[in-house]
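There are 2 protein chains.
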Amino acid sequence: MHQKRQRPNSGRVTIDDVAEQSGVSIKTVSRVLNNEPNVRPSTRARVEAAVLALDYSPNPSARGLAGTHSRMIGLIYANPSPNYLFRTINGILEACNDAGYGLSLHAPSSEQPDLAGSITHFVAQSRVDGLLLIPPVGDIPAVLDALEAIHLPYARIAPLDGRPGLGVAVDDRHASAQIVEHLTQLGHTRIGFISGHPDHGATQSRLEGYRIGLLRADIEFEKTLVFQGLFNSESGREAGAYFLDLPEPPTAIFASNDEMAAGLLQAAHERQWQVPEQLSIVGFDDTPLSRMLCPLLTTVHQPIRHMALRATELLLESIEARNVSDGKSPKSRVEVFDAPLIVRGTTAAPNR
Amino acid sequence: MHQKRQRPNSGRVTIDDVAEQSGVSIKTVSRVLNNEPNVRPSTRARVEAAVLALDYSPNPSARGLAGTHSRMIGLIYANPSPNYLFRTINGILEACNDAGYGLSLHAPSSEQPDLAGSITHFVAQSRVDGLLLIPPVGDIPAVLDALEAIHLPYARIAPLDGRPGLGVAVDDRHASAQIVEHLTQLGHTRIGFISGHPDHGATQSRLEGYRIGLLRADIEFEKTLVFQGLFNSESGREAGAYFLDLPEPPTAIFASNDEMAAGLLQAAHERQWQVPEQLSIVGFDDTPLSRMLCPLLTTVHQPIRHMALRATELLLESIEARNVSDGKSPKSRVEVFDAPLIVRGTTAAPNR
DNA sequence: AAATATTTTGTTAGCGCTGTCATTTTGGAT
DNA sequence: ATCCAAAATGACAGCGCTAACAAAATATTT
Chain A
968 MHQKRQRPNS GRVTIDDVAE QSGVSIKTVS RVLNNEPNVR PSTRARVEAA
1018 VLALDYSPNP SARGLAGTHS RMIGLIYANP SPNYLFRTIN GILEACNDAG
1068 YGLSLHAPSS EQPDLAGSIT HFVAQSRVDG LLLIPPVGDI PAVLDALEAI
1118 HLPYARIAPL DGRPGLGVAV DDRHASAQIV EHLTQLGHTR IGFISGHPDH
1168 GATQSRLEGY RIGLLRADIE FEKTLVFQGL FNSESGREAG AYFLDLPEPP
1218 TAIFASNDEM AAGLLQAAHE RQWQVPEQLS IVGFDDTPLS RMLCPLLTTV
1268 HQPIRHMALR ATELLLESIE ARNVSDGKSP KSRVEVFDAP LIVRGTTAAP
1318 NR
Chain B
968 MHQKRQRPNS GRVTIDDVAE QSGVSIKTVS RVLNNEPNVR PSTRARVEAA
1018 VLALDYSPNP SARGLAGTHS RMIGLIYANP SPNYLFRTIN GILEACNDAG
1068 YGLSLHAPSS EQPDLAGSIT HFVAQSRVDG LLLIPPVGDI PAVLDALEAI
1118 HLPYARIAPL DGRPGLGVAV DDRHASAQIV EHLTQLGHTR IGFISGHPDH
1168 GATQSRLEGY RIGLLRADIE FEKTLVFQGL FNSESGREAG AYFLDLPEPP
1218 TAIFASNDEM AAGLLQAAHE RQWQVPEQLS IVGFDDTPLS RMLCPLLTTV
1268 HQPIRHMALR ATELLLESIE ARNVSDGKSP KSRVEVFDAP LIVRGTTAAP
1318 NR
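If you read the protein sequences in the order shown, they are chains A and B. In short: position in the first sequence from 1, add 967, done, that's my numbering. In short: position in the second sequence from 1, add 967, done, that's my numbering.
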């Protein structure tokens, strides 16, 4: 009596089981699984029923080995704020789950001497099909060049720097100008600015927006009213020490992010300055922190989660388009999101 | 003329190339790659040199398909605070990188009716070798039972609940008792407590610690001095509204985490209560937030990153031990970490 | 030195899928 | 009906590794 090969097979359901159950070849099952065309609807239904009945899910390793892509994308980040990363990951994961892709993280240390090398090494090792870059990694041309050299698709969440490619952005310049406008309309004329970390592209755009806002209100730009921060609360506190001890301090200060605004607020509290009566403060990002300060922080909302979701969708589209290699997916596309000003408790007309 | 099969092969270096370059069979290369014994040191060196020279890294899909494990572990989380997740991921990633494992995330929605099912589905689909569970997912017996049913190794970061298995913990009870001790030593006798989200195991332990602390100072427990919070700042503000409007308000309040402490501080500010002169506040977790409040928050430090790292190491050990199936790795092991009290600006002797 | 145990290396058969190409079936146009 | 293009399905060879087993080289014992 002939005995068929009988490996224990770890009890897992394979594509063969589905094929047998639905009475088609494994190739047809594969077609259904991958949404390929030219499958009769009735056949498709039969296969899908079998998949459900057997609770089958394809083996990602086998798919990756046999196919042309791994269905994995990578997220590269360096020194993000926890909150930023959190919202980003949530957005990415949502898009990945819908598309059946996995996410792999890579966090090169910020002071990495060879960031581009570290990233290409990660790509070689993890076999991701594409990469998502968040600030400030997406702002570094050397990294982008390296990825283009190995023809790896990527999408970035970055400021509008004019570089072609896939990505999402908010118009930092516009949003910053709006903040200044809000302050000038309240009657402020001496407005301080805490700039962000120099490695971030957004830092420059926000500074530009600040200057545009001043220009519109016909206020002259003063170098002494700009303090170089680092996107953390310590630098906000230092900025406070600097601004509040100035012979002629500003009546309002625009911090390039919420954490620095929090540090600034601390400095004001320590000096017994009343906010917003004696000093107006504006942040940027609308982090949960902005709602935990007292008074509640006026800030700019960034739809980070949604931006990350869209960036991921753009990336996945580009990956899938590459597999069919029709020229349907655009080579370059940047979607710009609104970043509305959220007026809360830290801004008011100046005290005279 | 005979022509060997010549697929483009995508230009990737494979184990065959390494074998050829070093003059051994692919199996020997595989041995070196997997740190298997019985390879002559000189051979090992030759292979390693070839790996380096060719910049080879093994294909994870091929490894996963041929081998018994995928070298991927999963992290399950539901509703974590961004900061908690951030530190956890950093710790996990560090351990994973050292061991050559990948990390896959799964974030079932908190109100998931069938959490255990969602997790086992994730496992079936992603083929992870093991799971890391953080609060409150690791506190749910149904989830743990489900994982044991499919024999999937897991490690959890959870309070000391006495359940056997792998994991790390801080002694929440002890830390909480210490907080109360700190307050009673300052002279407080009416101490309020904001408890945490009822789904978290830590909530119970911290409440117990609070009661133990009172007991030690010979202060009677009063139900009216406990407010049920939800680990978010809103509930902290609500707690503030409740406590501060009490006919005989407490002189100190211990919030089960920093966010609730922040909300409470807001409520105090709004009512013009001086902190710490009229009200002492203590938080739990030592989040960055605790250093952005004014005054700086007295709180308890949790070495989250390090705990996550150790939990991952325990998990990976258990996975690898399973592959060689010697009984060397312990079935149950919980490492307890210190959670020191960080006294900052929100606690002082009561005003009388 | 022969015999045996032990270490070291190699051979081969898949793992579970997808890509390629061959084959069958179907729906029209003649 | 007859032929033909298009749609639908199938057969089969790998993808790059590891597991199991086989063989060779070396060390140890008698």
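Built from N, CA and C at the ideal position, the CB exists for glycine as well.
Just how far apart, CA to CA, sit residue i and residue j?
| i | j | result |
| --- | --- | --- |
| G1196/B | G1312/B | 23 Å |
| R972/B | V1135/A | With a pLDDT of 35 at R972/B, under the threshold of 50, the modelled position of that residue is not reliable, and no figure is offered here. |
| A1278/A | I1059/A | 8 Å |
| M968/B | A1288/A | Note on M968/B: pLDDT 31, under 50, position unreliable in the model; no value is reported. |
| Y1332/B | M1227/B | Since the first residue shown for chain B is 968 and the last is 1319, residue 1332/B is missing from the structure and cannot be characterised. |
| P1216/A | D1128/A | 33 Å |
| E1201/B | S1048/A | 22 Å |
| G1024/A | L1308/B | Checking the sequence shown, residue 1024/A turns out to be Ser, not Gly. If you take the alpha carbons of S1024/A and L1308/B, they lie about 48 Å apart. |
| A1122/B | Q1269/B | 18 Å |
| D1106/A | S992/A | 49 Å |
| I1158/B | S1076/B | 35 Å |
| V1104/B | L1098/B | 11 Å |
| S1028/A | S997/A | 15 Å |
| T1035/B | T1170/B | 39 Å |
| D983/A | R1258/A | 55 Å |
| F1251/A | R1183/A | 20 Å |
| L1119/A | T995/B | 32 Å |
| I1124/A | N1199/A | 20 Å |
| E1205/A | S1223/A | 14 Å |
| V999/A | A1017/A | 11 Å |
| L1282/A | L1133/A | 7 Å |
| E1015/B | H1164/B | 52 Å |
For residue i, would you say it is in contact with chain A, using Cβ-to-Cβ distances shorter than 8 Å as the test?
| i | result |
| --- | --- |
| L1060/B | yes |
| F1053/B | yes |
| N976/B | Low per-residue confidence applies at N976/B: pLDDT is 45, beneath 50, and the placement is therefore not dependable, though the value from the model is reported in the following sentence. So no, N976/B is outside the interface. |
| P1049/B | yes |
| A1066/B | no |
| Q1233/B | yes |
| I1056/B | yes |
| A1278/B | no |
| S1024/B | yes |
| L1072/B | yes |
| H969/B | Residue placement at H969/B is flagged as unreliable, the pLDDT there being 32, under the threshold of 50; a coordinate-derived value is accordingly withheld. |
| S1247/B | no |
Chain B beta carbons: is any one of them nearer than 8 Å to that of residue i?
| i | result |
| --- | --- |
| G1031/A | yes |
| P1027/A | yes |
| L1308/A | no |
| R1311/A | no |
| E1237/A | yes |
| R972/A | Low confidence applies to R972/A: its pLDDT is 35, below 50, so where it sits in the model is not reliable, and the reading given next is rough at best. Answer no: the Cβ-Cβ gap between R972/A and chain B never drops below 8 Å. |
| Q1092/A | yes |
| E1226/A | yes |
| A1016/A | no |
| S1257/A | no |
| S1037/A | yes |
| S1200/A | yes |
| A1229/A | yes |
As a quick exercise: from the options, pick the residue whose alpha carbon is nearest that of residue i.
| i | options | result |
| --- | --- | --- |
| F1304/B | N1026/B, E987/B, I1271/B | I1271/B |
| A1020/A | Q988/A, L1211/A, R1140/A | Q988/A |
| A1234/B | L1211/B, V1249/B, N1224/B | L1211/B |
| F1188/B | T1156/B, G1163/B, D1166/B | T1156/B |
| R1173/B | F1194/B, A1109/B, M1039/B, G1154/B | F1194/B |
| F1190/A | T981/A, D1065/A, L1213/A | According to the sequence as given, residue 1190/A is Lys; it is not Phe. That would be L1213/A, whose Cα lies nearest to the Cα of K1190/A. |
For residue i, is the beta carbon positioned less than 7 Å from some heavy atom of the ligand MN?
| i | result |
| --- | --- |
| P1165/A | Among the components modelled here there is no ligand, and therefore nothing to report on the ligand MN. |
Q | Complete runs of the beta strand (DSSP E) confined to the segment 996-1069 of chain B [at least 3 residues] | A | Complete beta strand (DSSP E) runs here, min 3: 1039-1043.
Q: Would you check if there are 3 or more beta carbon pairs closer than 8 Å linking the segment 1178-1186 of chain B to the segment 1142-1151 of chain B?
A: Short answer: they touch.
**Q.** In chain order, each alpha helix (DSSP H) run of at least 4 residues that lies wholly inside the segment 1191-1263 of chain A
**A.** Counting only runs that start and end inside the segment 1191-1263 of chain A, the alpha helix (DSSP H) elements of at least 4 residues fall at 1200-1211, 1225-1237.
Q) Enumerated in chain order, which unbroken segments of the beta strand (DSSP E) with a length of 3 residues or greater are wholly contained in the segment 1086-1124 of chain B? A) Segments of the beta strand (DSSP E) lying fully in the segment 1086-1124 of chain B: 1097-1100, 1121-1124.
Q) Are at least three pairs of beta-carbons, each pair with one atom in the segment 1217-1224 of chain B and one in the segment 1147-1157 of chain B, less than 8 Å apart? A) The segment 1217-1224 of chain B and the segment 1147-1157 of chain B touch, with no fewer than 3 CB-CB distances between them shorter than 8 Å.
**Q.** Validate contact between the segment 1066-1080 of chain B and the segment 999-1018 of chain B using beta carbons, cut 8 Å, 3 pairs
**A.** Output reads no: the segment 999-1018 of chain B does not touch the segment 1066-1080 of chain B.
Q: Tell me the start and end of each unbroken beta strand (DSSP E) in the segment 1118-1183 of chain B that is at least 3 residues and wholly inside, in chain order.
A: Complete beta strand (DSSP E) runs here, min 3: 1121-1124, 1133-1137, 1158-1162.
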